[in-house]
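First comes the structure, then the notes that go with it.
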Amino acid sequence: MKIRQLSESQGLSYSNLVILSLYAVFLGALVGLIDAIFGRVLIGLSEYRDHHLFYLVPALPIAGLLIVYLYQRFAGKAAQGMGLIFKVGHNEEDQVPLRLIPLVTVTTWLTHLFGGSAGREGVAVQLGATVSHAFSRYFKLPNASRIFLTMGMAAGFGGLFQTPIAATFFALEVLTLGQLSLPILVPTLIASFVASTTSHLLGLEKFSHFVSESLSIDLGTFIKLALLGLAFGLAGNLFAYLLSLAKKKVASLLPNPYYRVLLGSVVLTCLLLILWKGRYTGLGTNLIALSVGGGTIYPLDWLLKLLLTVFTLSLGFQGGEVTPLFAIGASLGAVLAPVLGLPIPLVAGLGYLSVFGSSTNTLLAPIFIGVEVFGPANAVPYAIVMAFAYLINHKTSIYGQQKMLEMQ
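Numbering of the sequence shown is given in our numbering, commencing with residue 70 and proceeding in unit increments.
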């Protein structure tokens, strides 16, 4: 598909930017509130699951059946999830049903309560995009649908992770590779910052881990960072490729969604309980904490988390991919750091940001995630590793509806 250059710059006057910026304050506060509710409930359910693991995880097949029923009964177009958000962003669809909000929220809570290996970012982005897009019809602006969608995506991401700059650039660059929606940078940034501040004030905690070790860049260090970037890029590619493949193969083998989730989740339940007693359930924040905090990380932690997340999502369970990607990257980094003689917390952080970047085909957002989560001391290593991770991935993404800008 051929993508045109952005046209907002031709139609957005200063008065329009002022109006959008004022709207961004309202949007950020509203999405921040929704993110805080979603995120705090999710954390509470995850903690409850961890304390009652062997009672809740065996009920995962029942939860799966309920999730499939809810989607079959109520979802309609909303069943496309992030795919629908991208289609609206590319003007291939013109509506995001508001029922997506309660549907994706409740089903993600169910997935995590009963131990599915999944994330939350995709949900937050969908929530923000859906809320914001609902208001686009009231503003007579050129390309209003995409503008409001972008602002909502940034608010959703920023409100949940409280990394507002990274969230801004994620929303600006993710819809179309090679195209930044810079004319709406300021209102998007405002929406993201307000959402982040609102969710923080409402008690949603941000994950951050200041990395005190900093690298001086010489030729040897540059080569090591380049190798890490390639390794993390391959891991991100592997996740995106296997996720797409698994969804197709599982749907082909078990076309009935009820049989698919029932039979598949019986196998998934056994794996989650057998493999280190639930180590790979949920978001993967336990692996992130162990990786950056010097805890015990096994050589196959990253691969097992990757495979179980792919399996969970391919069966029809709900949730995002990003937090598991953070966990996969951090645990792979903790394994690779001693091999290259580099500090484990630093390399875990490099993996955290670059596996995410490779899987989502984003470049700037992961670098800013590194700065906002691990501190600015290693901004140059973040950029080097991310450049090499980005180098080897332009066609594989967890977002199947992502487009690439054609060069003239």
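The C-beta atom is built at its ideal place from N, Cα and C for all residues, glycine as well.
Since the structure is predicted, the reported quantities are computational estimates derived from the model, not experimental observations.
Counting Cβ pairs closer than 8 Å, one from the segment 202–220 and one from the segment 362–372, do we hit at least three?
no
On the CB-based measure, 16 or more other CB atoms within 10 Å of its CB, does serine 84 come out buried or exposed?
Taking the sequence shown and counting its residues from 1, one reaches residue 84 at position 15. With fewer than 16 other Cβ atoms within 10 Å, it is exposed.
Alpha carbon to alpha carbon, how far is leucine 102 from leucine 271?
By 1-based counting over the sequence shown, the position of residue 102 is 33. By 1-based counting over the sequence shown, the position of residue 271 is 202. Straight-line Cα distance between these residues: approximately 7 Å.
Taking 8 Å as the cut-off, does the segment 407–416 touch the segment 369–380 (at least 3 CB pairs, one atom from each stretch)?
no
Is the segment 231–246 close to the segment 278–290, with three or more CB pairs under 8 Å?
No contact exists between the segment 231–246 and the segment 278–290.
Pick out the complete beta strand (DSSP E) segments inside the segment 289–372, 3 residues or longer, and give them in chain order.
none
May I ask you to report which of helix, strand or coil DSSP gives glycine 410?
Translated into the one-based positions of the sequence shown, residue 410 becomes position 341. Assignment of glycine 410 by DSSP, reduced to helix, strand and coil, places it in the coil class.
From the DSSP output, in three-state form, read off leucine 99 for me.
For the purposes of this step, residue 99 is taken as residue 30 along the sequence shown, with counting starting at 1. In the structure shown, leucine 99 sits in a helix (DSSP, three-state: H, G or I).
Counting C-beta neighbours from all protein chains within 10 Å, is the total for serine 76 16 or more, i.e. buried, or is it exposed?
Residue numbering aside, residue 76 sits at position 7 when the sequence shown is read from its first letter. Bear in mind that a pLDDT of 46 at serine 76, under 50, signals an unreliable position, so the model cannot answer this.
Could you tell me the alpha carbon to alpha carbon distance between serine 427 and leucine 294, rounded to whole angstroms?
What you label residue 427 is simply residue 358 of the sequence shown in a count that begins at 1. What you label residue 294 is simply residue 225 of the sequence shown in a count that begins at 1. Near 15 Å, if we compare the C-alpha coordinates of leucine 294 and serine 427.
Does DSSP classify leucine 246 as helix, strand or coil?
In the sequence shown, residue 246 corresponds to position 177, counting from 1. Three-state result, leucine 246: strand.
Alpha carbon of phenylalanine 143 to alpha carbon of threonine 177, nearest angstrom
To locate residue 143, count along the sequence shown from 1; it is residue 74. To locate residue 177, count along the sequence shown from 1; it is residue 108. Distance between the alpha carbons of phenylalanine 143 and threonine 177 is about 15 Å.
Would you tell me roughly how many angstroms separate the C-alpha atoms of threonine 121 and leucine 251, rounded to the nearest one?
Walking along the sequence shown from the start, residue 121 turns up at place 52. Walking along the sequence shown from the start, residue 251 turns up at place 182. First, the residue type needs correcting, since residue 121 is histidine and not threonine in the sequence shown. Their backbone Cα atoms lie some 47 Å apart in a straight line.
DSSP bridge partner residues for lysine 472 (one or two, in chain order)
Sequence index remark: in the sequence shown, residue 472 carries index 403 (1-based). DSSP lists Thr245 as partners of lysine 472.
Would you grab the beta carbon distance between leucine 331 and proline 130 for me? Rounded to a whole angstrom, and I think it's under 8 Å.
On the sequence shown, residue 331 is found 262 positions in, with the first residue counted as 1. On the sequence shown, residue 130 is found 61 positions in, with the first residue counted as 1. Their Cβ separation, rounded to whole angstroms, is 5 Å, which keeps leucine 331 and proline 130 in contact under 8 Å.
Looking at glycine 145: is its Cβ nearer than 8 Å to the Cβ of leucine 218?
Residue numbering aside, residue 145 sits at position 76 when the sequence shown is read from its first letter. Residue numbering aside, residue 218 sits at position 149 when the sequence shown is read from its first letter. Result no, Cβ atoms of glycine 145 and leucine 218 do not sit closer than 8 Å.
Taking the alpha carbon of alanine 132 as the reference point, which residue from Gly97, Thr180 and Ala98 has its own alpha carbon closest?
Along the sequence shown, read from residue 1 onward, the residue named residue 132 stands at position 63. Per the Cα distances, Thr180.
Does the Cβ-Cβ distance between alanine 264 and alanine 309 come in under 8 Å?
For the purposes of this step, residue 264 is identified with residue 195 of the sequence shown, where counting begins at 1. For the purposes of this step, residue 309 is identified with residue 240 of the sequence shown, where counting begins at 1. Not a contact, by the Cβ cut-off of 8 Å.
Quick one: any contact between the segment 158–174 and the segment 308–328, if contact means 3 or more CB pairs under 8 Å?
no
Around the Cβ of isoleucine 343, are there at least 16 other Cβ atoms within 10 angstroms (buried) or fewer (exposed)?
Position 274 of the sequence shown, counting from 1, holds the residue named residue 343. Counting other Cβ atoms within 10 Å of its Cβ, isoleucine 343 stays below 16 and is therefore classed as exposed.
According to DSSP, residues forming a beta bridge with serine 186
One-based indexing of the sequence shown puts residue 186 at position 117. Paired residue(s): Gly351.
contact_flag[the segment 381–392, the segment 433–442] where n(CB pairs < 8 Å) is 3 or more:
By the criterion of at least three beta-carbon pairs nearer than 8 Å, the segment 381–392 is not in contact with the segment 433–442.
I'd like to confirm something about serine 186: is its beta-carbon nearer than 7 Å to some heavy atom of the ligand GDP, or not?
With respect to small molecules bound, the structure shown includes none, and the ligand GDP cannot be examined in it.
Rounded Cβ spacing between leucine 467 and leucine 312 (contact assumed at less than 8 Å)
Residue numbering aside, residue 467 sits at position 398 when the sequence shown is read from its first letter. Residue numbering aside, residue 312 sits at position 243 when the sequence shown is read from its first letter. Checking the sequence, you will find isoleucine at residue 467 rather than leucine. About 6 Å; that satisfies the 8 Å criterion.
Going by beta carbon distance, what residues of the same chain come within less than 7 Å of glutamate 441, once the five residues before and after it are set aside?
Taking the first residue of the sequence shown as position 1, residue 441 is located at position 372. Thr232, Ile234 and Ala235, listed in sequence order.
Is it true that the segment 251–261 meets the segment 87–102, where meeting means three or more beta-carbon pairs spaced less than 8 Å apart?
yes
Limits of the alpha helix (DSSP H) - the one that arginine 215 falls within
Position 146 of the sequence shown, counted from the start, is the residue given in the question as residue 215. That run of the alpha helix (DSSP H) goes 213–230.
Taking glycine 418 as the reference, which of Leu114, Pro445 and Thr429 has the closest Cα?
What you label residue 418 is simply residue 349 of the sequence shown in a count that begins at 1. With distances taken between Cα atoms, glycine 418 lies closest to Pro445.
Quick one: is leucine 323 near chain B, going by C-beta distance under 8 Å?
This model lacks chain B altogether, as it is built from one protein chain only.
Nearest residue (CA-CA) to lysine 464, options Gly227, Ile216, Thr245 and Ile170
Within the sequence shown, the letter at position 395 stands for residue 464. For lysine 464, the nearest C-alpha among the options comes from Thr245.
Are glycine 402 and serine 360 touching if we call contact CB-CB under 8 Å?
The count along the sequence shown starts at 1 and reaches residue 402 at position 333. The count along the sequence shown starts at 1 and reaches residue 360 at position 291. A contact, by the Cβ cut-off of 8 Å.
Report buried or exposed for glycine 227, applying the criterion of at least 16 other Cβ atoms within 10 angstroms of its Cβ.
As a position in the sequence shown, residue 227 is number 158, starting the count at 1. Glycine 227 comes out buried.
Residues near isoleucine 139 in its chain [Cβ-Cβ closer than 8 Å; skip 5 each side]
Position 70 of the sequence shown, counting from 1, holds the residue named residue 139. Per the sequence shown, the amino acid found at residue 139 is leucine instead of isoleucine. Residues Leu172, Val175 and Thr176 of the same chain have their beta carbon placed closer than 8 Å to that of leucine 139, with the five preceding and five following residues left out of the count.
Classification of phenylalanine 107 by the beta-carbon crowding that lies within 10 angstroms, buried from 16 upward:
Your numbering for residue 107 matches position 38 in the sequence shown. Taking every protein chain shown into account, the CB of phenylalanine 107 has 16 or more other CB atoms within 10 angstroms, so this residue is buried.
Measure the Cβ-Cβ separation of leucine 356 and alanine 399 and say whether it is below 8 Å.
Your numbering for residue 356 matches position 287 in the sequence shown. Your numbering for residue 399 matches position 330 in the sequence shown. Contact flag set, yes.
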